[in-house]
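In the UniProt record's numbering, the protein residues as written are 1 to 312. Glycine included, C-beta positions come from ideal geometry on N, C-alpha and C. Structure first, then comments.
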Amino acid sequence: MFEACGCIITSEQMKLWLTTFFPKLEPFYIDGDNNLLHQLESLGFQVYSKAQFVEIANQFVGEYGANYRHWSVSATASIVYLEADTLKDKWLQAKLFEHQVSLGRGQIFTFDWVRDISDDWLKRLKETHLACNDRIILTQGAWKLLPTEVKVKWILKWLEERVEPIAVLDVNCNNIPKRSEHVIKKHASTFPLASGANCFSAAAGSSLGSSEVIENWLNIEEFFDALKNEGLIKREEISRLTDSRRIRSHDVLVWENAEGSVIHAAYSVTDQILFNKMGQFWFQPWQYVNIDHVLDYAECLTNGGQIHIYRS
């Protein structure tokens with residue numbers, strides 16, 4: 001068993017993550033360097049726009065997009081999708097690595113970050129995967145070379161930087177149905193095996209008392225169908241930060257921004273504590289959180305949005 005930010009990681013999960021933390025093919029972003037693009041194209045690599053890449057690698061984006069900070073990279077960037085360590089031209093490889101730093105791509109680490117895990121492996125990676133003066137880039141090829149104990153330390157440190165540090169560890173579940181209590185206690189402070197499960201599945205699954213729903217992705221239409229089938233309807237609305245007193249145990253809360261887009265959902269275990277998942281990625285655990293920490297999710301209320309309260 002392992003732990004990150006108070007969340008439990010089973011040996012089964014860690015074993016899986018050690019093999020799936022890096023995909024075989026990775027996206028490398030290029031913006032404003034036509035010479036680099038032309039050199040890669042001359043070697044037979046396909047170049048994609050970001051829109052084209054989502055079409056041909058939709059599953060990859062859903063599973064790994066956050067790891068590579070895909071949505072933070074400039075929309076004008078082009079993408080080559082390749083196994084970096086197969087590039088025989090080391091100058092070209094170094095140029096490609098350097099470009100990732102300037103564009104803010106993920107899986108780039110400072111020397112100090114790596115040194116905290118292993119000074120020995122920092123020295124080795126500086127020789128083979130230097131991205132710029134004080135950063136290395138970790139690739140699938142480099143990951144395969146790392147010993148298991150270093151990989152475990154790497155993943156745990158990586159998780160510590162991404163898990164929301166807002167969890168509540170001890171919650172009274174006496175005012176919710178036993179079926180909801182059972183599945184919530186099973187999942188709270190744990191991670192999913194893989195990406196997919198999202199805030200909508202967490203909220204609906206908690207209300208239904210269904211682990212199957214909690215652990216699988218739900219789109220918004222499926223989410224509202226689940227609420228409707230359970231007999232939940234919109235009862236109240238929260239439009240101000242001072243209105244949280246309207247929340248009751250066993251409510252499903254739905255955040256809708258000022259443009260009318262549904263952006264988040266959570267389940268109320270008590271009038272102050274929610275069962276919550278912050279996104280659809282494997283490194284985002286199910287957690288108990290205080291309502292104050294998520295009430296203005298994505299500045300929803302501040303910018304004119306609302307929270308709709310669904311209950312039977």
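Once DSSP output is grouped into helix, strand and coil, what is the label at L295? On the sequence shown, position 295 is the one that residue 295 refers to. Coil at L295, not helix or strand.
Is the CB-CB distance between F22 and L82 below 8 Å? Start at 1 with the first residue of the sequence shown, and residue 22 comes out as number 22. Start at 1 with the first residue of the sequence shown, and residue 82 comes out as number 82. Cβ atoms of F22 and L82: not closer than 8 Å.
Counting Cβ pairs, one atom from each stretch, are 3 or more of them under 8 Å apart for the region 301-312 and the region 233-242? yes
Whole angstroms are fine: how far does the CA of D31 sit from the CA of V269? Mapped onto the sequence shown, residue 269 falls at position 269. Mapped onto the sequence shown, residue 31 falls at position 31. Whole-angstrom Cα-Cα distance: 47 Å.
Presumed contact (8 Å Cβ cut-off) between residue 337 and Y288, rounded CB distance: In this structure the chain extends from 1 to 312, so residue 337 is not present and cannot be described.
Are the region 5-16 and the region 198-206 in contact at 8 Å, needing three or more beta carbon pairs? no
Taking only three categories from DSSP, how would you classify E236? Working through the sequence shown from its first residue, we reach residue 236 at position 236. E236: strand per DSSP, three-state reduction.
Is any beta-carbon of chain D found at less than 8 Å from that of D112? No chain D is present in this structure, which holds just one protein chain.
From the DSSP output, read off the bridge partner residues of L130. The count along the sequence shown starts at 1 and reaches residue 130 at position 130. Paired residue(s): I136.
I117 vs K153 beta-carbon contact at 8 Å: Reading the sequence shown from its first residue, position 117 is the one you call residue 117. Reading the sequence shown from its first residue, position 153 is the one you call residue 153. In contact: I117 and K153 (Cβ atoms closer than 8 Å).
Looking only at DSSP bridge pairs, what is V254 linked to? What you label residue 254 is simply residue 254 of the sequence shown in a count that begins at 1. DSSP output for V254 lists A265 and H308 as bridge partner(s).
Supposed contact pair H250 and S180 - C-beta distance, whole angstroms, cut 8 Å: As a position in the sequence shown, residue 180 is number 180, starting the count at 1. As a position in the sequence shown, residue 250 is number 250, starting the count at 1. Rounded, the Cβ-Cβ distance is 7 Å, consistent with contact.
Beta-bridge pairing of Y48 - partner residues as DSSP gives them: Along the sequence shown, one-based indexing puts residue 48 at 48. According to DSSP, Y48 bridges with I79.
Of the residues D296, P27, K88 and Y64, which one's Cα is nearest the Cα of S49? Locating residue 49 in the sequence shown gives position 49, where the first residue counts as 1. The candidate whose alpha carbon is nearest that of S49 is P27.
As assigned by DSSP and simplified to three states, the class of S195: Taking the first residue of the sequence shown as 1, we reach residue 195 at position 195. Three-state result, S195: strand.
If you follow the beta strand (DSSP E) that A4 is in, where does it begin and where does it stop? In the sequence shown, counting from the first residue as 1, residue 4 sits at position 4. Per DSSP, A4 belongs to the beta strand (DSSP E) from F2 to A4.
For the structure I just gave you, are there three or more beta carbon pairs, one from the region 129-147 and one from the region 80-100, closer than 8 Å? yes
Closest by C-alpha distance to M1, when choosing among L156, S207, F53 and E127: Taking the first residue of the sequence shown as position 1, residue 1 is located at position 1. If we check each option's Cα against that of M1, L156 comes out closest.
What first and last residue would you give for the alpha helix (DSSP H) that runs through I214? Mapped onto the sequence shown, residue 214 falls at position 214. From DSSP, the alpha helix (DSSP H) with I214 extends over S211 to I214.
Can you give the beta carbon distance from S312 to L232, rounded, assuming they're within the 8 Å contact cut? By one-based count along the sequence shown, residue 312 stands at place 312. By one-based count along the sequence shown, residue 232 stands at place 232. Indeed they touch by this definition, with Cβ atoms about 6 Å apart.
Taking 6 Å as the limit between beta carbons, can you name the residues of its chain near F223, skipping five residues before and five after? Position 223 of the sequence shown, counted from the first residue, corresponds to residue 223. The residues are F200 and A204.
Judging by CA-CA distance, which residue of Q59, E55, R105 and A94 is the nearest neighbour of A77? Locating residue 77 in the sequence shown gives position 77, counting from the first residue. With distances taken between Cα atoms, A77 lies closest to R105.
Could you tell me which of D120, H38, E127 and A131 sits nearest to P147, measuring between CA atoms? Within the sequence shown, the letter at position 147 stands for residue 147. Out of D120, H38, E127 and A131, D120 has the C-alpha closest to the C-alpha of P147.
To the nearest angstrom, report how far apart V254 and V262 are at their CA atoms. In the sequence shown, residue 254 corresponds to position 254, counting from 1. In the sequence shown, residue 262 corresponds to position 262, counting from 1. Looking at the two C-alpha atoms, the distance is approximately 7 Å.
Bridge partners - I108, DSSP secondary structure assignment: For the purposes of this step, residue 108 is identified with residue 108 of the sequence shown, where counting begins at 1. For I108, which the question treats as bridged, DSSP gives the partners I137.
Alpha carbons only, please: which of Y267, R124, S210 and D89 is nearest the one belonging to V183? Here residue 183 refers to the residue found at position 183 when the sequence shown is read from its first residue. It is S210.
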